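Data first, discussion second: the structure below is written as structure tokens.
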Amino acid sequence: MWRHPAHEQTSFRQVLDEVRAQRAEDLLADGVTVEQAARRVGYSNTPAFTAAFRRWKGMSPREYLRDTAIKRPNPD
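Under the working numbering, think of the first position of the sequence shown as 33, with each following residue one higher.
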């Protein structure tokens, strides 16, 4: 069972959120669809995932994809 030291103020829920946020970002960067990313990080419906992603990153998954596509260097 996972435990954290009593002096730490980070809850399991916060750690789970951080892990999900990073994993979602990685999946989207790898070309996985928003729907697939949602399922892979533990969300059974896309709207709930979209709301969580917006909370994590300050933008929707689709906005994130658009923003990162603009910043990604052209392979040519």
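Cβ atoms here follow ideal geometry from the backbone N, Cα and C, with glycine treated the same way.
Predicted model only: the values in this text are computed from it and were never measured.
Could you pull the start and end residues of the alpha helix (DSSP H) that residue i belongs to?
i          : result
residue 54 : 44-61
residue 68 : 66-72
residue 96 : 93-103
Sorted by chain position, which residues of the same chain lie with C-beta nearer than 6 Å to residue i's C-beta, five sequence neighbours on each side aside?
i          : result
residue 61 : none
residue 81 : 70 and 75
Skipping 5 residues on each side, what residues in its chain have a beta carbon closer than 7 Å to that of residue i?
i           : result
residue 78  : 66, 67 and 70
residue 56  : 69, 73 and 85
residue 100 : 61
Taking 8 Å as the limit between beta carbons, can you name the residues of its chain near residue i, skipping five residues before and five after?
i          : result
residue 83 : none
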